[in-house]
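Engineer:
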Amino acid sequence: MNRPYHSYTDSAHVNRVIALELARRGDARDVDDISDMEFNELYLDAFPEAMLDQETGPVFLKPELYDPQSSSWAPSTVRASAVIAHLQAMFGQQPHNLVVMLQNVSQESLDVILKDKWTQHNFAFSDTEPPYEFDKFDDDDEEADLGLSRDFNMMMISRNLPIANCFRVPFVSETNRDALVVDVPVSVSEDHGPDVSKQSLRLCTTRFESSHAEMDLGYDQLASVSELLKGELSQGQKILGGLVGGDISGKDVHRDPRIGLKDVWEDEPSSVLPIPKSSWTDTTSGIKIV
């Protein structure tokens, strides 16, 4: 997608200014997610002199070529690279017993993750193919088109951890949301290793509907996840307990008796985590546990 920047040749600067304005308005969307009309309105508000440039004479724009490997043009790839660098600095060159839950992974971000040498060496991936989804359609249309999701949830699991089961559960959703589930066998004694264990810890990652109009859907989706985490058996594996992490709206909804989950950060004693550098920011949110 080409967007005009008029006499401003530094498109990254323009994107930063517009991103700050979106944040000031409480809009959590990325610059790439807004429509061209919204972009133009924000651009002219931030750079009114651009309108003067249009009035005083023609503006000649040099076409930009989209390159998924270009960090200046595809910010999602920059974020993916930053996440990998942060994890590598936090957990070292050869992390063990580590599960990374990722939401809203685009195809461009997935390419960065799959091609990175550190992730290739240390992790198994829950998914490398986006799930299919139905495009929204008007009432006059007879049927919706089926296509690959533009973004999806995935997990990176340390190679030393066995995987007993991996599957997706679609939600009743306006935006094709689902839950990704991975069962990891665990041993409760020193005599039997995870390779022969018939007991598993169930891990789940998801992103719920978050707008006010869809809050009821988010509640029902969390209730569905609670049922998944409390399942007793799965393909011969006994589920000992479970944890869901992701973009989960509603601070206290998990305490509802119908859901019955606990927040690992607020309802349970905190475990010892690696000490981050002072320059890092804690972005953890919405992690629940049975």
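All the letters of the sequence shown, read from the start, carry residue numbers 0 to 289 under numbering that gives the first Met the number 0. All C-beta atoms, glycine included, are put in the ideal place defined by N, C-alpha and C. Just so it is clear, the structure is predicted and the values come from calculations on it, not from any experiment.
(1) Look up Val168 in the DSSP assignment and say whether it is helix, strand or coil.
(2) Output the distance between the C-alpha atoms of Pro161 and Val183, rounded to the nearest integer angstrom.
(3) Could you check whether the segment 73-88 touches the segment 163-180, counting it as contact only if at least three pairs of C-beta atoms, one from each stretch, sit closer than 8 Å?
(4) Helix, strand or coil: which one does DSSP assign to Ser225?
(5) From the DSSP secondary-structure annotation, give me the bridge partner or partners of Asp219.
(6) Once DSSP output is grouped into helix, strand and coil, what is the label at Lys197?
(7) Hey, how far is the Cα of Glu208 from the Cα of Gly230?
(8) For Pro184, list the residues DSSP reports as bridge partners.
(9) How far does the alpha helix (DSSP H) with Ala156 in it reach, from first residue to last?
(10) Per the contact definition of three or more C-beta pairs closer than 8 Å, is the segment 238-246 in contact with the segment 98-113?
(11) By how many angstroms is the C-alpha of Ser233 removed from the C-alpha of Phe122?
(12) Who does Thr204 pair with in a DSSP beta bridge?
(13) Just the Cα atoms here: how many angstroms apart are Leu97 and Ala45?
(14) My assumption, with CB atoms under 8 Å, is that Ile17 sits in contact with Leu41. Please give the rounded CB distance.
(15) Look at the Cβ atom of Gly235, then the Cβ atom of Leu200, and state whether they are nearer than 8 Å.
(16) Take the Cβ of Ala163 as the centre, count every other Cβ of all protein chains shown within 10 Å, and call the residue buried at 16 or more, exposed below.
(17) What residue range is occupied by the uninterrupted alpha helix (DSSP H) comprising Leu19?
(18) Distance check for Gln220 and Arg23, CA to CA, integer angstroms please.
(19) Identify whether Asn39 lies in helix, strand or coil by the three-state DSSP scheme.
(20) Among Leu239, Met154, Pro74 and Phe90, which has the Cα closest to the Cα of Gln198?
(21) Using the beta-carbon count (16 or more within 10 Å), is Glu54 buried or exposed?
(22) Check whether the Cβ atoms of Ser125 and Met154 sit closer than 8 Å, and answer yes or no.
(23) Given a cut-off of 8 Å, decide if Ala222 and Thr205 are closer than it, judged by their beta-carbon atoms.
(24) Does the separation of the CB atoms of Ile33 and Ala79 fall below 8 Å?
(25) Work out the CA separation of Val30 and Trp117 for me, nearest whole Å.
Structural biologist: According to the data block:
(1) In the sequence shown, counting from the first residue as 1, residue 168 sits at position 169. Strand at Val168.
(2) On the sequence shown, position 162 is the one that residue 161 refers to. On the sequence shown, position 184 is the one that residue 183 refers to. Whole-angstrom Cα-Cα distance: 6 Å.
(3) no
(4) Numbered from 1 along the sequence shown, position 226 holds the residue referred to as residue 225. It is helical.
(5) Position 220 of the sequence shown, counted from the start, is the residue given in the question as residue 219. None, per the DSSP bridge assignment.
(6) Counting from one through the sequence shown, the residue named residue 197 turns up at place 198. Coil at Lys197, not helix or strand.
(7) Looking up residue 208 in the sequence shown gives position 209. Looking up residue 230 in the sequence shown gives position 231. Approximately 23 Å, taken between the alpha carbons.
(8) The residue you call residue 184 lines up with position 185 of the sequence shown. Its beta-bridge partners are Ser199.
(9) The residue you call residue 156 lines up with position 157 of the sequence shown. It should be noted that the sequence gives Ile, not Ala, for residue 156. Counting along the chain, Ile156 falls outside any alpha helix (DSSP H), though it belongs to the beta strand (DSSP E) covering Asp150 to Ser157.
(10) yes
(11) What you label residue 122 is simply residue 123 of the sequence shown in a count that begins at 1. What you label residue 233 is simply residue 234 of the sequence shown in a count that begins at 1. So the alpha carbons of these two residues sit roughly 24 Å apart.
(12) As a working note, residue 204 is residue 205 in the sequence shown. For Thr204, which the question treats as bridged, DSSP gives the partners Leu179 and Gly244.
(13) Taking the sequence shown and counting its residues from 1, one reaches residue 97 at position 98. Taking the sequence shown and counting its residues from 1, one reaches residue 45 at position 46. The alpha-carbon atoms of Leu97 and Ala45 are separated by roughly 43 Å.
(14) The residue labelled residue 17 in the question sits at position 18 within the sequence shown. The residue labelled residue 41 in the question sits at position 42 within the sequence shown. With 8 Å as the limit, Ile17 and Leu41 qualify as a contact, their Cβ atoms being about 5 Å apart.
(15) Translated into positions along the sequence shown, residue 235 becomes position 236. Translated into positions along the sequence shown, residue 200 becomes position 201. For Gly235 and Leu200, no; Cβs fall outside 8 Å.
(16) In the sequence shown, the residue the question calls residue 163 occupies position 164. Ala163 comes out buried.
(17) Here residue 19 corresponds to residue number 20 of the sequence shown, with the count starting at 1. Ser10 to Arg23 is the extent of the alpha helix (DSSP H) around Leu19.
(18) Along the sequence shown, one-based indexing puts residue 23 at 24. Along the sequence shown, one-based indexing puts residue 220 at 221. Distance between the alpha carbons of Arg23 and Gln220 is about 30 Å.
(19) The sequence position of residue 39 within the sequence shown is 40, counting from 1. Helix at Asn39.
(20) In the sequence shown, the residue the question calls residue 198 occupies position 199. Comparing Cα-Cα distances from Gln198 to each of Leu239, Met154, Pro74 and Phe90, the minimum goes to Leu239.
(21) In the sequence shown, residue 54 corresponds to position 55, counting from 1. Because the pLDDT of Glu54 is 46, which lies under 50, any placement of that residue in the model is unreliable, and the number read from its coordinates should be weighed accordingly. By the neighbour-count rule (16 or more Cβ atoms within 10 Å), Glu54 is not buried but exposed.
(22) For this step, residue 125 is matched to residue 126 along the sequence shown. For this step, residue 154 is matched to residue 155 along the sequence shown. Yes, they are a contact pair.
(23) For the purposes of this step, residue 205 is taken as the residue at position 206 of the sequence shown. For the purposes of this step, residue 222 is taken as the residue at position 223 of the sequence shown. Result no, Cβ atoms of Thr205 and Ala222 do not sit closer than 8 Å.
(24) Along the sequence shown, read from residue 1 onward, the residue named residue 33 stands at position 34. Along the sequence shown, read from residue 1 onward, the residue named residue 79 stands at position 80. Not in contact: Ile33 and Ala79 (Cβ atoms no closer than 8 Å).
(25) Sequence index remark: in the sequence shown, residue 117 carries index 118 (1-based). Sequence index remark: in the sequence shown, residue 30 carries index 31 (1-based). Trp117 and Val30: Cα-Cα distance of roughly 29 Å.
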